[in-house]
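Going down the list, the sequences are from chains A and B.
Take 955 as the starting number for the first sequence in our numbering and just add one per residue.
Take 204 as the starting number for the second sequence in our numbering and just add one per residue.
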Amino acid sequence: MIEAELSRCVASFMPGATGARGAAKLSGGASQETWRFDIVHPDGDVGAILRRSPKGYGAAPGRAAGLDNEAALMRLAHRAGVPSPEVLHVLRPSDDLGTGFIMRRVEGETIARKILRDAEFAEARPRLARQLGGIAAGIHNIPREALPSLREMNATREIAELAREYHSFDWPRPVFDLALRWLSQNDPGPPAEVTLVHGDFRNGNLIIGPDGVRAVLDWELAHLGDPMEDLGWVCVNSWRFGEIDKPVGGFGAREELFAGYKSAGRKVDVDRVKFWEVMGTLRWGVMCCGMMQRFRLGPDHSMERAMIGRRASETEIDLLRLLAPRGEG
Amino acid sequence: MQDEPRPDELVKAVADFLRNDIAPLISGHQAFKLRVGINALDLVVRQLTQAAAADAAEHARLEQLLGHDGALFDINRVLAERIASGAVDLSTPGLKEHLWQTTLDKLAVDQPNYASYKREAGRGTDAS
Chain A
955 MIEAELSRCV ASFMPGATGA RGAAKLSGGA SQETWRFDIV HPDGDVGAIL RRSPKGYGAA
1015 PGRAAGLDNE AALMRLAHRA GVPSPEVLHV LRPSDDLGTG FIMRRVEGET IARKILRDAE
1075 FAEARPRLAR QLGGIAAGIH NIPREALPSL REMNATREIA ELAREYHSFD WPRPVFDLAL
1135 RWLSQNDPGP PAEVTLVHGD FRNGNLIIGP DGVRAVLDWE LAHLGDPMED LGWVCVNSWR
1195 FGEIDKPVGG FGAREELFAG YKSAGRKVDV DRVKFWEVMG TLRWGVMCCG MMQRFRLGPD
1255 HSMERAMIGR RASETEIDLL RLLAPRGEG
Chain B
204 MQDEPRPDEL VKAVADFLRN DIAPLISGHQ AFKLRVGINA LDLVVRQLTQ AAAADAAEHA
264 RLEQLLGHDG ALFDINRVLA ERIASGAVDL STPGLKEHLW QTTLDKLAVD QPNYASYKRE
324 AGRGTDAS
């Protein structure tokens, strides 16, 4: 079992560690897994998380930054004061665990609907939009020369990729064409500054405690690009989980997000943020259609995937609300 | 001609059985999957009961808008291409109303509890 490899591994990097126990797989597709386990230590057990690609799975496909890059970025973020789990160890071939890394486990809630509803977060909620602004600024302030090698994206290329993917489904969605046309006509061009972009900065990828944001997770889609992309993505209606009048993750107003961002010494371009919110809404819609393809073509023939295909229309109504509104709010 | 009960009546009976008699007996991940399954069956019932009228109205609007007849899929493709090329846009009479009505009809089947849909459906049919 995996605990044997983990026990050998933790003893090699943590002085005094005697083993690993309580390993349980939290999530995982074929190529990437997340495990929780405890490092046994005479001073008290240490909660840990393993993120890995099992042996036999090589470089991450497509957009993914790769697990080595994720670990490097989380270390940079942690050092820069961005709430981030501490990376304890990057896997080596001799660990016999595949590729990936081990990080300290951060306790808290990640399920967006619970964060928006449960009483224990009631005091934190009104502060989260502003706090997220400060955190985004911290990510964007990480100096470029410190970063690992990452793909660079820009608006024009992103529009082209979404258009290609949409057309590959061969299923007409006039609202998607309307959005693609709007995006092309409102493409803001290269940003004033290219920075690290988290790429999936949203409610659902955060660990929240009663004290606020404890960690930003899922650096898988990190890249270089327009920092306003992260501010637009966190406002996409799909990540408001029903709290549609609170654009920032269902927590609060854009103005609070922007205030937190500016107070960390960064500038906001409101038009670009709106542009990326439209792009993000369309991107989630295209991703929903992609889930439907994966359901139909076989790799994941599950009800869940099939039903996500039927959520693309949610992004169509949100695109209309952004581009062809019928009234206030 | 197939006999009664209709497909929507059969599927609804199955969904109600799973919801009322089976769901209370199950917990954990299987309960989550069962809920997804029940949601899927409910969606199918809505599509079986609502789609024909919505599709017919969509078809009539598209004919009017495009001056073009054909299968619903094909004239939707024509509309998509005309929007992509800029031949029609939101200033084209009827386009905005058509996109809104079509989208609302899709959500009424797909996700009638989606907050944006509830907000917009509550506005009535005035697309101005």
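For each residue, glycine too, the CB sits at the ideal point set by N, CA and C.
Residue-chain proximity (residue i, chain A), Cβ-Cβ < 8 Å
i: Ala218 (chain B); result: no
i: Arg280 (chain B); result: yes
i: Gln314 (chain B); result: yes
i: Arg326 (chain B); result: yes
i: Lys215 (chain B); result: no
i: Val247 (chain B); result: no
i: Thr252 (chain B); result: no
i: Ala234 (chain B); result: no
i: Ala226 (chain B); result: no
i: Glu212 (chain B); result: no
i: Gly240 (chain B); result: yes
i: Ser230 (chain B); result: no
Through-space distance from residue j to residue i, alpha-carbon basis
i: Ile1113 (chain A); j: Leu302 (chain B); result: 21 Å
i: Glu1119 (chain A); j: Ser966 (chain A); result: 45 Å
i: Asp992 (chain A); j: Gly1001 (chain A); result: 5 Å
i: Ala1169 (chain A); j: Asp997 (chain A); result: 25 Å
i: Glu1231 (chain A); j: His995 (chain A); result: 46 Å
i: Trp1238 (chain A); j: Phe1229 (chain A); result: 14 Å
i: Asn223 (chain B); j: Arg1098 (chain A); result: 57 Å
i: Gly1244 (chain A); j: Pro969 (chain A); result: 46 Å
i: Val1151 (chain A); j: Ala1019 (chain A); result: 11 Å
i: Ala1284 (chain A); j: Glu1063 (chain A); result: With chain A running from 955 to 1283 in the structure shown, residue 1284 (chain A) is simply not present.
i: Glu207 (chain B); j: Arg1005 (chain A); result: 54 Å
i: Asn316 (chain B); j: Pro1047 (chain A); result: 49 Å
i: Ala1218 (chain A); j: Ile1096 (chain A); result: 12 Å
Min CB distance residue i to chain B below 8 Å
i: Met1241 (chain A); result: no
i: Ala1278 (chain A); result: yes
i: Ala1078 (chain A); result: no
i: Thr1126 (chain A); result: Note that residue 1126 (chain A) is Pro in the sequence shown, not Thr. Yes - at least one Cβ of chain B is within 8 Å of the one on Pro1126 (chain A).
i: Gly1244 (chain A); result: no
i: Ser981 (chain A); result: no
i: Met1294 (chain A); result: The requested residue 1294 (chain A) does not occur in the structure, where chain A is confined to residues 955 to 1283.
Cβ neighbours of residue i in the same chain (closer than 8 Å, five flanking residues each side left out)
i: Ala1117 (chain A); result: Leu1134
i: Leu269 (chain B); result: Ile278, Val281, Leu282 and Arg285
i: Thr1235 (chain A); result: Ala1133, Val1190, Asn1191, Ser1192, Thr1269, Asp1272, Leu1273 and Leu1276
i: Ala226 (chain B); result: Ala234, Leu237, Arg238 and Ile241
Cβ shell of residue i (< 7 Å), same chain only, five flanking positions each side left out
i: Gly1035 (chain A); result: Gly1092
i: Asp999 (chain A); result: Asp992 and Ile993
i: Ala1100 (chain A); result: Leu1030
i: Asp211 (chain B); result: Val248, Leu251 and Thr252
i: Pro1037 (chain A); result: Ile1089, Val1167, Arg1168, Ala1169 and Val1170
i: Ala324 (chain B); result: Leu307
i: Ser294 (chain B); result: none
i: Phe897 (chain A); result: Any answer about residue 897 (chain A) is impossible in this case: the structure gives chain A only from 955 up to 1283.
i: Arg1248 (chain A); result: Asp1254 and Arg1259
Min CB distance residue i to chain D below 8 Å
i: Arg222 (chain B); result: Note that chain D does not occur in the displayed structure, where the protein chains are A and B.
Contact set for residue i: own chain, Cβ-Cβ below 6 Å, skip 5 residues either direction
i: Thr1149 (chain A); result: His1094 and Pro1181
i: Val291 (chain B); result: Arg285 and Leu298
i: Val964 (chain A); result: Ala971, Ala974 and Ile993
i: Asp1184 (chain A); result: Ala1090, Val1151, His1152 and Phe1155
Worksheet item: Can you list, in chain order, the residues of the stretch 283-306 of chain B whose Cβ is nearer than 7 Å to any Cβ on chain A?
Response: Ala283, Ile286, Ala287, Gly289, Leu293, Lys299, Leu302, Trp303 and Thr306
Discussion item. So within the stretch 992-1042 of chain A, which uninterrupted alpha helix (DSSP H) runs reach at least 4 residues, ignoring any that extend past its ends?
Written reply: 1021-1033
Discussion item. Taking beta-carbon pairs under 8 Å, can you tell me which members of the stretch 256-278 of chain B lie near chain A?
Written reply: Phe276
Worksheet item: Got a sec: which bits of the stretch 1012-1044 of chain A sit with their beta carbon under 7 Å from any beta carbon on chain B, in order along the chain?
Response: none
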